[in-house]
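Going by my numbering, the first residue of the sequence shown is number 62, and it counts up by one from there.
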Amino acid sequence: MSEQQLDIERFRILVIGNANAGKTTILDKVCHANDRKPVCLDVKGNEINLALQPSSSRGEHNIEHQIQYPTAEGFIFHDSRGFEAGGADELKKVKEFVQSRAEEKELKDQLHVIWYCLTTSNDRAMAEAEMSLFESGTGNVPVIAIFTKMDALDGEARSQLIWEKVPFRDIKEQVPIRAKAIFKKKYLQRLQEVKHKPRYIVQLRDMNKKGTNCDELIIKTSQALNSATLKLFCLSILRNDVESRIKDVITNIIIPRAQAALESPTLCEEQAKSLFCEVMCCFPHMSVRICS
């Protein structure tokens, strides 16, 4: 992949969602922050120390501010709260921001995609206010609808099955089926009715657990883009991510376990299988039968 192909320099994303929608978790996973904090820059590129901001304004979002992680310098994020909280004013800010970025001449200054985070952990995610963006549209900027906390639907499905007096021995098997039906009825059907449908829908679950990732989100984002250069740049981030995982696995798992094996007179089959499964757990998107 040549430098000419990746001369975009920056990939700009607007992230929309209420405070409990899991936006921070997604950004941390995508950028592999590992507890490293992002920096927030104003429109002139000056770093903003949020700790010095007046307490009355810390919860407010300035959509023009740029959020960058030291672990993923190619990404620039802009943050917007959900429309349920801000109503028509917040929607107006988003539309003005999208329009202003569309008028930028440099590709790196334009807005490339919108990630709209909707949580399934409450019944308000698909309220009329939350659907307003899909009714008004975003021009040529693709929208990825991200449903977070999908595991919350498992609890709702389990409660329904218990209420229906389904035998406990059958509940575990039926929970995923019922959760899928709930998601389709409460969320997917609503998105089929909007004027401007999202380009893709991504479902995320168990994001608070170690080993989960946002690979599908990156892939779908790449597929939603119109420019070949943008696609290459977006996928290069995923490629670099995989390379970093491989390096981490070699350093923290394979080498220590290999050194321990050298001190052991024999390496039994169970130990070899355990090592293999431990390595593959670092790549949860890959299905391996031996670990099942």
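Built from N, CA and C at the ideal position, the CB exists for glycine as well. Being a predicted model, the structure only gives us computed values, none of them experimental.
Residue i in three-state terms, based on DSSP
{"i": "Ile-207", "result": "strand"}
{"i": "Ile-311", "result": "helix"}
{"i": "Leu-250", "result": "Reading the sequence as shown, one finds Gln at residue 250 and not Leu. It is helical."}
{"i": "Val-91", "result": "helix"}
{"i": "Val-263", "result": "strand"}
{"i": "Glu-108", "result": "strand"}
{"i": "Ser-288", "result": "coil"}
{"i": "Ile-74", "result": "strand"}
{"i": "Leu-102", "result": "strand"}
{"i": "Arg-119", "result": "Bear in mind that a pLDDT of 41 at Arg-119, under 50, signals an unreliable position, so the number given afterwards is only what the model happens to contain. The answer is coil: DSSP assigns Arg-119 none of H, G, I, E or B."}
{"i": "Ala-80", "result": "coil"}
Minimum C-alpha distance to residue i - residue among the options
{"i": "Glu-167", "options": "Lys-226, Thr-273, Arg-73, Val-236", "result": "Arg-73"}
{"i": "Val-236", "options": "Cys-338, Lys-245, Arg-219", "result": "Arg-219"}
{"i": "Thr-180", "options": "Glu-225, Tyr-248, Lys-241", "result": "Tyr-248"}
{"i": "Val-104", "options": "Gln-127, Lys-156, Glu-196, Thr-86", "result": "Gln-127"}
{"i": "Phe-273", "options": "Lys-210, Asn-107, Glu-234, Tyr-177", "result": "Reading off the sequence shown, one finds Thr at residue 273, where the question assumed Phe. Among Lys-210, Asn-107, Glu-234, Tyr-177, the Cα nearest to that of Thr-273 belongs to Lys-210."}
6 Å Cβ shell around residue i - same chain, five flanking residues per side excluded
{"i": "Ser-118", "result": "The predicted model places Ser-118 with a pLDDT of 43, which falls under 50 and marks its position as unreliable; any figure quoted below should be read in that light. Hits under 6 Å: none found."}
{"i": "Lys-292", "result": "Ser-283, Leu-286"}
Boundaries of the alpha helix (DSSP H) in which residue i is found, first to last residue
{"i": "Val-236", "result": "229-244"}
{"i": "Leu-194", "result": "193-197"}
Cβ distance (whole Å) where residue i is taken to contact residue j below 8 Å
{"i": "Leu-172", "j": "Arg-162", "result": "4 Å"}
{"i": "Ile-279", "j": "Val-91", "result": "7 Å"}
{"i": "Ala-190", "j": "Phe-158", "result": "At roughly 18 Å, the Cβ-Cβ gap does not stay under 8 Å, so Ala-190 and Phe-158 are not in contact."}
{"i": "Val-174", "j": "Val-202", "result": "7 Å"}
Start and end residues, beta strand (DSSP E) containing residue i
{"i": "Ala-218", "result": "First-last for Ala-218: 213-224, but that is the alpha helix (DSSP H), not the beta strand (DSSP E)."}
{"i": "Ser-141", "result": "133-141"}
{"i": "Thr-180", "result": "174-180"}
{"i": "Ile-128", "result": "127-130"}
Residues of its chain near residue i, where Cβ-Cβ distance is below 8 Å and the 5 sequence neighbours each way are ignored
{"i": "Asp-212", "result": "Arg-266, Asp-267"}
{"i": "Arg-97", "result": "Tyr-130, Pro-131, Thr-132"}
Contact set for residue i: own chain, Cβ-Cβ below 7 Å, skip 5 residues either direction
{"i": "Glu-165", "result": "Gln-171"}
{"i": "Pro-115", "result": "With a pLDDT of 45 at Pro-115, under the threshold of 50, the modelled position of that residue is not reliable, and the figure given next carries that caveat. Answer for Pro-115: no residue qualifies."}
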